[in-house]
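Comments concern the structure below.
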Amino acid sequence: MSWNPVYSFVQRIPRGKVLTYGALAKALRLPGGARTAGRAMAATPSGKGIPWHRVIGDRGKILIRGPHALLQRKLLESEGVAIVEFRVDLKRHLWQPKKTGKSKSAAPRKRGRN
DNA sequence: CATCTGACGACCG
DNA sequence: GCGGTCGCCAGAT
Numbered sequence: 000m001s002w003n004p005v006y007s008f009v010q011r012i013p014r015g016k017v018l019t020y021g022a023l024a025k026a027l028r029l030p031g032g033a034r035t036a037g038r039a040m041a042a043t044p045s046g047k048g049i050p051w052h053r054v055i056g057d058r059g060k061i062l063i064r065g066p067h068a069l070l071q072r073k074l075l076e077s078e079g080v081a082i083v084e085f086r087v088d089l090k091r092h093l094w095q096p097k098k099t100g101k102s103k104s105a106a107p108r109k110r111g112r113n
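Below is the structure:
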């Protein structure tokens, strides 16, 4: 599986904004849903300028385990994204790919299983 | 070829 | 709000 589409999409995320794995998976119609988005990010080639740190968990939580979590937090903070206890305020920083920005709910709430 | 393992997210108690 | 379980699927062992 080529993750190219995923990487391209991630690169479009504006500085200071973030996207959730679920939203990413949904936007790209990834089979397997959010989990697949997660794998794609895990396989992100470093040194390509891909802002992998702008992809976070559904509730704005940094889900990475290990030293990279600190790096991600640091990178986000350096972009102006406020983080509290490894959580991002989605209402403020969630990027909405298609909509013009007048939507109702900033925080994604999906129903039913993937 | 058989199994295990996750950078997920939803549901249930 | 917290922790356990389940569905999904690509790589690693």
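At the far end of the first sequence sits residue 113, using numbering that gives the first Met the number 0, and the numbering has no gaps.
Glycine is no exception: its CB is placed at the ideal position from the N, C-alpha and C atoms.
1. Count the other CB atoms within 10 Å of the CB of valine 83; is the residue buried (16 or more) or exposed (fewer)?
2. In or out: proline 50 buried (at least 16 other Cβ within 10 Å) or exposed?
3. Beta-carbon within less than 6 Å of arginine 14's beta-carbon, same chain only, minus the 5 sequence neighbours each way: which residues are those?
4. Going by DSSP, which residues form a beta bridge with valine 83?
5. Tell me the start and end of each unbroken alpha helix (DSSP H) in the segment 42-81 that is at least 4 residues and wholly inside, in chain order.
6. Spatial neighbours of leucine 80 within its chain, please: CB distance less than 7 Å, with the 5 preceding and 5 following residues excluded, ordered by chain position.
7. Quick one: what does DSSP say leucine 18 is sitting in, helix, strand or coil?
8. Just how far apart, CA to CA, sit proline 66 and threonine 35?
Inspection of the coordinates gives the following:
1. exposed
2. buried
3. Taken in chain order, the residues that qualify are Glu78.
4. Residue pairing by DSSP puts valine 83 in a beta bridge opposite Arg86.
5. Listed in chain order, they are 66-77.
6. It should be noted that the sequence gives valine, not leucine, for residue 80. Excluding positions up to five away in sequence, the list reads Gly15, Val17, Val87, His92.
7. strand
8. The C-alpha of threonine 35 is placed about 22 Å away from the C-alpha of proline 66.
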